[in-house]
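Report on one structure; see the data block that follows.
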Amino acid sequence: MKKNLYTADASAVGGRSGHVRSATGIIDLDMSVPEGLGGKKGATNPEELFAAGYASCFQQALLVIAQKAGDRLDKESSVQCSVTLFQEGEGYGLSAVLDVDLKKFDEAKTIDMVRQAHKICPYSVGTRGNMEVEPARDGQARTGAR
Numbered sequence: 003m004k005k006n007l008y009t010a011d012a013s014a015v016g017g018r019s020g021h022v023r024s025a026t027g028i029i030d031l032d033m034s035v036p037e038g039l040g041g042k043k044g045a046t047n048p049e050e051l052f053a054a055g056y057a058s059c060f061q062q063a064l065l066v067i068a069q070k071a072g073d074r075l076d077k078e079s080s081v082q083c084s085v086t087l088f089q090e091g092e093g094y095g096l097s098a099v100l101d102v103d104l105k106k107f108d109e110a111k112t113i114d115m116v117r118q119a120h121k122i123c124p125y126s127v128g129t130r131g132n133m134e135v136e137p138a139r140d141g142q143a144r145t146g147a148r
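Per this note's numbering, the sequence shown starts with residue 3, numbered consecutively.
Dropping the structure here:
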């Protein structure tokens, strides 16, 4: 049975060259096309916001997996999410790389924890089958967690 836990609300005006604001007012940002594509400096873009949310959410999933196994993540463990905007024919899409550094765990344990986190992270669940997501360690992409 599905149980709703939280709903976030935000609005956008002006598309990629406009402004976004969350209902709480905590997010209140100018938006722009990425600077490398001709956008203005000092503004964010949807891909950057998505990357930040995915990295944070995936880190939380790793914390949950570690806790369930009776482990603790190193306080310096991190997840970097790189989101790529691409064009394919007339359409556009996104892909992501999750670069996980769990510090104290060996590669085999890290790979196992990443696979488990990928199964429960809401961003991973929501993008599965719709977006290529590649896990990595120290910038080296691996296969197997899609």
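Virtual Cβ for every residue (Gly too), placed ideally from N, Cα, C.
All values reported here derive from a predicted model rather than from experimental measurement.
Secondary structure in the stretch 27 to 86: the alpha helix (DSSP H) runs of 4 residues or longer, each lying completely within the stretch, are 48 to 70 in chain order. Note on Q61: 16 or more other CB atoms within 10 angstroms of its CB, so buried under the neighbour-count rule. For Y8, the number of other beta carbons within 10 angstroms of its own is below 16, and it is reported as exposed. For F88, DSSP records a beta bridge to G95. Spatial neighbours of K43 in its own chain (CB-CB distance under 7 Å, excluding positions within 5 residues in sequence) are listed in chain order as E37. Spanning the alpha carbons of E90 and D73 requires a straight line of approximately 42 Å. Across the structure, L39 and F88 are spaced so that their CA atoms are roughly 12 Å apart.
One Cα belongs to S34, the other to A71, and the distance between them is close to 42 Å.
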